Amino acid sequence: MNGGGQQFPGPGLQVLGALGAPGNPGSYFSEVVEAGFLVQSRLGFQDWLYATVGVRQDANSAFGADFTTVTYPRVNVSYIPTTQLGQMGPVSTLRLRMAWGQAGQQPGAFDQFTTYSPWASEFGPGLRPGNVGDPTLKPEVSTEIEFGGEVGLLNDKIAVDFQYWDRVVDEALIQRAYPPSGGFINTQLSNIGQLDAKGWEVGLDANVMRNSQMSVDVFGTLSYLEEKVVSLGGAPEQKIGGSYPRYRNFLTEGWSPGTYFGAKLDRSTDYPIDINGDGKADSQADLLAFFKTGGAGVRSGWNPVMLTPTDADVAAGLAKDTGALGWYLGKPTPDYTASFGGSLNWGKNIRINTLFKVPLGQLSHNKSN
27 MNGGGQQFPG
37 PGLQVLGALG
47 APGNPGSYFS
57 EVVEAGFLVQ
67 SRLGFQDWLY
77 ATVGVRQDAN
87 SAFGADFTTV
97 TYPRVNVSYI
107 PTTQLGQMGP
117 VSTLRLRMAW
127 GQAGQQPGAF
137 DQFTTYSPWA
147 SEFGPGLRPG
157 NVGDPTLKPE
167 VSTEIEFGGE
177 VGLLNDKIAV
187 DFQYWDRVVD
197 EALIQRAYPP
207 SGGFINTQLS
217 NIGQLDAKGW
227 EVGLDANVMR
237 NSQMSVDVFG
247 TLSYLEEKVV
257 SLGGAPEQKI
267 GGSYPRYRNF
277 LTEGWSPGTY
287 FGAKLDRSTD
297 YPIDINGDGK
307 ADSQADLLAF
317 FKTGGAGVRS
327 GWNPVMLTPT
337 DADVAAGLAK
347 DTGALGWYLG
357 KPTPDYTASF
367 GGSLNWGKNI
377 RINTLFKVPL
387 GQLSHNKSN
């Protein structure tokens, strides 16, 4: 914290940045208070059936004044048939599990408050509208259910792990804009959204060789992820890729979070360039003659020829709307992720590990493509 000055623009202001004297003062502090309790109990029956039941209750200073506490219950059940019934042929170990529970993500420390920012200038101090608060602000709550299990084969020399999960995020925290005529140009964080996700994962571990001097193990996993923005609570789609124009990530209803939308060149022609303003690609001869002229016109007197989505493209999931910038270009998260590798142990001092990972179904943006 550093700086100095005089004359605060209003009562209650205690930060250096609010001072009206010339200079460059600044300060920042934040305090979040969280309290709660967790109660959990685990029950077992004859070493082959287990159940865990728990509940957590949280209170947080980031919650709105009209909201007090939130409760997150959870339960999971595990059943081990091979302990109850014994080994079943090549299946030496079998465990099945199910879990259901809730968790939350609280808002920021000051999102609930309507604030005014101090504005220092050479003409004197002042105030300007800041954050649009919400006294009913509360955490977004995710509810997830999972089914899975583990299978051990051939005296556990081969192990297979599998699981499926489904998650729904209710009361998702979404930034909502209001007309500037209300006095605030900033957005308001509100509990108005819903996000859904589901996926599965399968893994395999195998012991290829094991003796007193050496052991060799291999493994592989394959997972799938599907996400969708179900609702933005009436708010328009939001650009979340920052201010840089080539980052065109959006939160759009019906699409994966962070989906890329943008324009597509007309690839049906070799030279998708329009130099006469008719919106159509010009011939190679016309383009050569145009660019040979030089001057400012060569730098700004032409436009790329873009494709425009049709209603059929929207229905087929190729575009979000019929605007030129509505084409679906991809998403940053992969549909599938595969990994595989192995480990070699030689004696007591040598260990070699390998890991390869392959994401599939995503678009990586590097500003140059």
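Residue numbers (our numbering): 27 to 395.
Note that CB positions come from ideal geometry on N, CA and C, so glycine has one too.
All values derive from a computational prediction rather than experimental measurement.
Range of the contiguous alpha helix (DSSP H) that encloses residue i
{"i": "K318", "result": "Q310 to K318"}
{"i": "A341", "result": "D337 to A341"}
Of the residues the options, the one placed nearest residue i, counting alpha carbons only
{"i": "E253", "options": "G246, S390 and G284", "result": "G284"}
{"i": "Y105", "options": "F173, I211 and P298", "result": "F173"}
{"i": "D196", "options": "V255, S216, T213 and L221", "result": "L221"}
{"i": "P358", "options": "L386, R377, V331 and L381", "result": "L386"}
{"i": "R82", "options": "A129, V103 and V117", "result": "A129"}
{"i": "T334", "options": "D304, A342, G352 and I184", "result": "G352"}
{"i": "S241", "options": "R377, P133 and N329", "result": "R377"}
{"i": "F366", "options": "M332, N375 and N379", "result": "N379"}
{"i": "K183", "options": "L248, V117 and L153", "result": "V117"}
{"i": "R154", "options": "F63, A135, D304 and N212", "result": "N212"}
{"i": "G156", "options": "T140, S147 and A146", "result": "T140"}
{"i": "V234", "options": "G368, A341 and L64", "result": "G368"}
{"i": "R68", "options": "D231, P133, G62 and T78", "result": "T78"}
{"i": "N307", "options": "K318, N329, P151 and R100", "result": "The sequence as given places Ala at residue 307; Asn does not occur at that position. Nearest of K318, N329, P151 and R100 to A307, Cα basis: N329."}
{"i": "R193", "options": "G127, E148 and D160", "result": "G127"}
{"i": "V103", "options": "Y76, K290, T336 and G62", "result": "Y76"}
{"i": "E60", "options": "Y286, T94, D337 and G303", "result": "T94"}
{"i": "Q264", "options": "S309, A203 and R121", "result": "A203"}
{"i": "I200", "options": "K224, Q132 and S249", "result": "Q132"}
{"i": "P205", "options": "V228, L251 and V158", "result": "V158"}
{"i": "A125", "options": "I171, K383, G305 and R274", "result": "I171"}
{"i": "S238", "options": "D337, W372 and K383", "result": "W372"}
{"i": "T119", "options": "A91, G80, Y142 and V177", "result": "V177"}
{"i": "D243", "options": "L370, A135, G62 and I218", "result": "L370"}
{"i": "V96", "options": "W74, G80 and G62", "result": "G62"}
{"i": "E227", "options": "A364, S249, N181 and R121", "result": "S249"}
{"i": "D231", "options": "F276, G219 and A185", "result": "A185"}
{"i": "E279", "options": "T363, L180, D137 and D347", "result": "D347"}
{"i": "D296", "options": "Y286, Q138, P144 and Q310", "result": "Q310"}
{"i": "Q189", "options": "G150, R293, R121 and F316", "result": "R121"}
{"i": "P262", "options": "P298, Y286 and G219", "result": "G219"}
{"i": "A99", "options": "G115, Q66, W74 and D92", "result": "Here residue 99 turns out to be Pro, not Ala, going by the sequence shown. Considering only alpha carbons, the answer is Q66."}
{"i": "Y286", "options": "Y273, S294, P298 and R293", "result": "Y273"}
Integer Cβ distance of residue i from residue j, believed to fall under 8 Å
{"i": "G175", "j": "R123", "result": "6 Å"}
{"i": "A88", "j": "V58", "result": "6 Å"}
{"i": "L215", "j": "L163", "result": "7 Å"}
{"i": "G349", "j": "Q388", "result": "About 24 Å; that fails the 8 Å criterion."}
{"i": "Y354", "j": "A345", "result": "6 Å"}
{"i": "I301", "j": "L314", "result": "Actually they do not touch by this definition, with Cβ atoms about 11 Å apart."}
{"i": "V331", "j": "L291", "result": "7 Å"}
{"i": "D361", "j": "L277", "result": "Not confirmed; about 19 Å, so no contact."}
{"i": "F245", "j": "G267", "result": "Incorrect: roughly 36 Å between the Cβ atoms, too far for contact."}
Residue i, enclosing beta strand (DSSP E) - first and last residue
{"i": "T97", "result": "T95 to Y105"}
{"i": "D84", "result": "L75 to N86"}
{"i": "I301", "result": "No beta strand (DSSP E) holds I301; DSSP gives it neither H nor E."}
{"i": "W415", "result": "In the structure as shown, the chain begins at 27 and stops at 395. Residue 415 is therefore absent and cannot be evaluated."}
{"i": "W353", "result": "W353 to G356"}
{"i": "E60", "result": "E60 to F71"}
{"i": "W328", "result": "From DSSP, W328 is part of no beta strand (DSSP E); its letter is neither H nor E."}
{"i": "M332", "result": "Looking at the DSSP string, M332 is not in any beta strand (DSSP E), and its letter there is neither H nor E."}
{"i": "K383", "result": "I376 to L386"}
{"i": "M124", "result": "V117 to Q131"}
{"i": "W145", "result": "Y142 to W145"}
{"i": "F287", "result": "T285 to G288"}
{"i": "F139", "result": "Unbroken run through F139: none, as it is neither H nor E."}
{"i": "L277", "result": "N275 to L277"}
Residue-chain proximity (residue i, chain B), Cβ-Cβ < 9 Å
{"i": "L230", "result": "No chain B is part of this structure, which consists of one protein chain only."}
Quick one: complete beta strand (DSSP E) runs, 3+ long, within the stretch 195-264? Every beta strand (DSSP E) stretch that sits fully inside the stretch 195-264 and reaches 3 residues is listed by chain position as 214-236 and 240-257.
Touching by the beta-carbon criterion (3+ pairs, under 8 Å), the stretch 153-171 and the stretch 105-119: Taking 8 Å as the limit for Cβ pairs, the verdict is that the stretch 105-119 does not touch the stretch 153-171.
Could you tell me which whole beta strand (DSSP E) segments of length 3 or greater appear in the stretch 152-192? 152-155 and 166-179, all fully within the stretch 152-192.
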